[in-house]
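**Q** Quick one: the structure is below, and I'll ask about it shortly.
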Amino acid sequence: AALPGPAPADWAQAPLDPAVRAVLVGFDEHFSYAKLCQALRYLLRGGPDCLLVGTNRDNRLPLEGGAAIPGTGCLVKAVETAAQREAFIVGKPNRYMFDCVASEFDIDPSRTIMVGDRLDTDILMGNSCGLTTLLTLTGVSTLDEVKGHQESDCPARQSLVPDYYVDSIADLLPALGD
Amino acid sequence: GMASCRRLSGAGLREVLGPAQGLLFDCDGVLWAGERAVPGAPELLERLRRSGKAALFVSNNSRRSVAELERRFSRLGFRGVRAEHVFSSALCSALFLRQRLLGSGNGGGSGSGGGRVFVLGGEGLRGEVRDAGLRLAGEGEPTSPGAADPVRAVLVGYDDQFTFAKLAQACGYLRDPQCLLVATDPDPWHPLSDGKRTPGTGSLTAAVETASGRKALVVGKPNTYMFDCIVERFGVDPSRTLMVGDRLETDILFGKNCGLSTILTLTGVSRLEEAQAYMASDSAAAKDLVPNYYVDSIADLIPGLDE
């Protein structure tokens, strides 16, 4: 619904949809203060009866040349800070999506490999769910980062270490027969 | 020792106010709520003036320039408050950036005037930054590393025109590790006059920090930079100055951090129960949020002043 007027005092008067029971924060390149206001209003109106859900916490999405655009995690953090409550995060590294897959496809974690490029999402989820984890180096995380986690005393950082790595998933081809 | 959140009244009022040389006041929720002055607040300031006690103002609100705030004081019935008495996070952020970007040893030799500032905020904040002698980066400018006239700071303030595009632009500038990330204040939300809430600078800063992987330097309360600005201009003695505010996590902690005795007024954000809960908590950090005293409204301070 369009917001009446240009200022927050106006937006605070816009009628709220009585049926809304959840605020879902995903990637939104049209995110704005006005939308943040509306999210806050629904969360305050509903209290614990209004869910706050985030699709994921990725802080940035890399582009070529080292640039990056802000990720969904930034928008989730903005809403969490304004509302002073924590979102339920569906995406990796949380296990919810693995549970969805596992329940639909009868997966045996001990015979399943998780392949990903991000230590703090893909590898962490794989390790948490008892999968074998394989890092590919064509994306976000580097071998130096892995080394750093491996050498750290912190058990949380150890969970970011993959079982294996490849330079690219193409490197898996020779292992797959003809 | 820990503050004990005592109600200030009667003889206690005179004991506490008598020796004070001056009071620092937060504004929103203390002097006024929206467009209404707190009843008795203008009279309190008048009585302070007549008692020879200083009244200075320290606000995390980064929307307005101090010139606009001076007009607001007057419009809401407060007499004799001049811009020089008002320390807003907008002004102090500009002073902070001036120090860091234009201060001795910076920016002079290269001829680029210390670089530019990308401001996420309204006209009030942008005006303070300009008045401090700094140049602003425009919205929608491409961010190219190694530019001839680089952006040397991203300043996050209250920005009701905040967008994903501006967030992305800020992150582009912050790829340069020399580019500062500064926030006017940490407030997660502000109350509106009808009891609703509007998101604060803190929520926008959280987005920028998350995208950039950087921690912002926060100018406003509870950090002490604004007190440094006050001391530089007016030379106040913390041991003879009282801090009066309505928000435990900013005003009262600010007072504690600056060595001031603190008075919580209940016309704003924080409830007495919250102060009492902090007092009962085991955490050392919680104890710093407990005010020395509280009043229902700053009008309650009037009987503590000489007639």
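Which chain is which? The protein sequence lines are A and B, in order.
Residues 1 to 178 in the UniProt record's numbering are what the first sequence lists, from first letter to last.
Residues 1 to 307 in the UniProt record's numbering are what the second sequence lists, from first letter to last.
Ideal Cβ positions, reconstructed from N, Cα and C, are used throughout, including at glycine.
Note that the coordinates shown come from a computational prediction; the quantities given were computed from them, not determined experimentally.
Buried or exposed: which applies to Gly108(B), given that a residue is buried once 16 or more other Cβ atoms fall within 10 Å of its Cβ?
**A** Note that Gly108(B) has pLDDT 46, beneath the 50 cutoff, so the model's placement of it is unreliable and the number below is only indicative. Burial call: exposed.
**Q** Tell me where the alpha helix (DSSP H) around Ser62(B) begins and ends.
**A** Note, Ser62(B): premise wrong, no alpha helix (DSSP H); not H, not E.
**Q** Starting from Gly126(A), trace the alpha helix (DSSP H) both ways and give me its first and last residue.
**A** Leu124 to Ser128
**Q** Would you check if the segment 155 to 175 of chain A and the segment 233 to 245 of chain B touch, i.e. whether three or more CB-CB distances between them fall below 8 Å?
**A** no
**Q** Give a yes or no on whether the C-beta atoms belonging to Leu45(B) and Leu260(B) are separated by under 8 Å.
**A** no
**Q** Quick one: does Gln21(B) have its CB under 8 Å from some CB of chain A?
**A** no
**Q** Out of Leu120(B), Ser93(B) and Ala148(B), state which residue places its alpha-carbon closest to the alpha-carbon of Gly113(B).
**A** Ala148(B)
**Q** According to the neighbour-count rule (16 or more other Cβ atoms, all chains shown, within 10 Å of its Cβ), is Trp11(A) buried or exposed?
**A** Trp11(A) comes out buried.
**Q** What are the partner residues of Thr132(A), as DSSP defines its beta bridges?
**A** Ile113(A)
**Q** For Pro19(B), which option in Ile298(B), Gln276(B), Pro238(B) and Val119(B) has the closest C-alpha, if you only look at C-alpha atoms?
**A** Of the listed residues, the one whose Cα sits closest to Pro19(B) is Pro238(B).
**Q** Compile a chain-ordered list of the residues in the segment 166 to 185 of chain B whose CB is closer than 8 Å to at least one CB of chain A.
**A** Leu167, Ala168, Cys171, Gly172 and Arg175
**Q** Have a look at Gly40(B) and Glu274(B) and give me their C-alpha separation to the nearest angstrom.
**A** 25 Å
**Q** Does any C-beta atom of chain A lie closer than 8 Å to the C-beta of Trp189(B)?
**A** Judged by the 8 Å Cβ criterion, Trp189(B) is in contact with chain A.
**Q** Would you mind working out which of Val25(A), Pro6(A), Ala39(A) and Val146(A) sits nearest Leu16(A), comparing C-alpha positions?
**A** Ala39(A)
**Q** Can you give the Cα-Cα distance for Leu56(B) and Asp306(B), rounded to whole angstroms?
**A** 19 Å
**Q** Could you tell me if Gln2(B) is buried or exposed, where buried requires 16 or more neighbouring beta carbons within 10 angstroms of its beta carbon?
**A** It should be pointed out that residue 2(B) corresponds to Met in this sequence rather than to Gln. Exposed: under 16 other Cβ atoms inside 10 Å.
**Q** Can you have a look at Phe88(A) and say buried or exposed, based on whether 16 or more other CB atoms are within 10 angstroms of its CB?
**A** By the neighbour-count rule (16 or more Cβ atoms within 10 Å), Phe88(A) is not buried but exposed.
**Q** Kindly give me the distance between the Cβ atoms of Leu91(B) and Gly133(B), rounded to whole angstroms, as I take these residues to be in contact under 8 Å.
**A** So it is not a contact: roughly 13 Å between Cβ atoms.
**Q** Is it a yes or a no for the segment 151 to 163 of chain A touching the segment 191 to 203 of chain B, going by three-plus beta-carbon pairs under 8 Å?
**A** no
**Q** In angstroms with no decimal places, state the Cα-to-Cα distance between Ala183(B) and Arg63(B).
**A** Rounded to whole angstroms, Ala183(B) to Arg63(B) spans 13 Å at the Cα level.
**Q** How is Gly47(A) classed by DSSP in three states: helix, strand or coil?
**A** helix
**Q** What are the boundary residues of the beta strand (DSSP E) that Met243(B) is part of?
**A** Thr241 to Gly245
**Q** Pull up the CB-CB distance for Ile230(B) and Phe78(B), whole angstroms please, since I reckon it's below 8 Å.
**A** Not confirmed; about 19 Å, so no contact.
**Q** May I ask you to list the residues that DSSP assigns as paired with Tyr165(A)?
**A** Leu135(A)
**Q** Alpha carbon to alpha carbon, how far is Gly124(B) from Gly111(B)? Give it in angstroms, no decimals.
**A** Low local confidence applies: a pLDDT of 47 at Gly111(B) is under 50, so the model's placement there is unreliable, and no value is given.
**Q** Mind checking the segment 225 to 259 of chain B against chain A and listing, in chain order, the residues whose C-beta falls within less than 7 Å of any C-beta there?
**A** Cβ contacts with chain A come from no residue of the segment 225 to 259 of chain B.
**Q** Can the beta-carbon of residue 311(B) be found closer than 8 Å to that of Asp187(B)?
**A** This structure cannot speak to residue 311(B), because chain B is shown only from 1 to 307.
**Q** Going by DSSP in three states, Val290(B) sits in which element: helix, strand or coil?
**A** coil
**Q** Can you confirm whether Leu289(B), when its beta carbon is compared against all beta carbons of chain A, has any partner nearer than 8 Å?
**A** With 8 Å as the cut-off, Leu289(B) does not count as an interface residue toward chain A.
**Q** Pick from Arg75(B), Gly140(B) and Ser65(B): whose alpha carbon is nearest that of Trp32(B)?
**A** Arg75(B)
**Q** Tell me whether Ser283(B) is buried or exposed, calling it buried when 16 or more other Cβ atoms sit within 10 Å of its Cβ.
**A** exposed
**Q** Would you give the residue range spanned by the alpha helix (DSSP H) that Val219(B) belongs to?
**A** Unbroken run through Val219(B): none, as it is neither H nor E.
**Q** Can you confirm whether Thr198(B), when its beta carbon is compared against all beta carbons of chain A, has any partner nearer than 8 Å?
**A** yes
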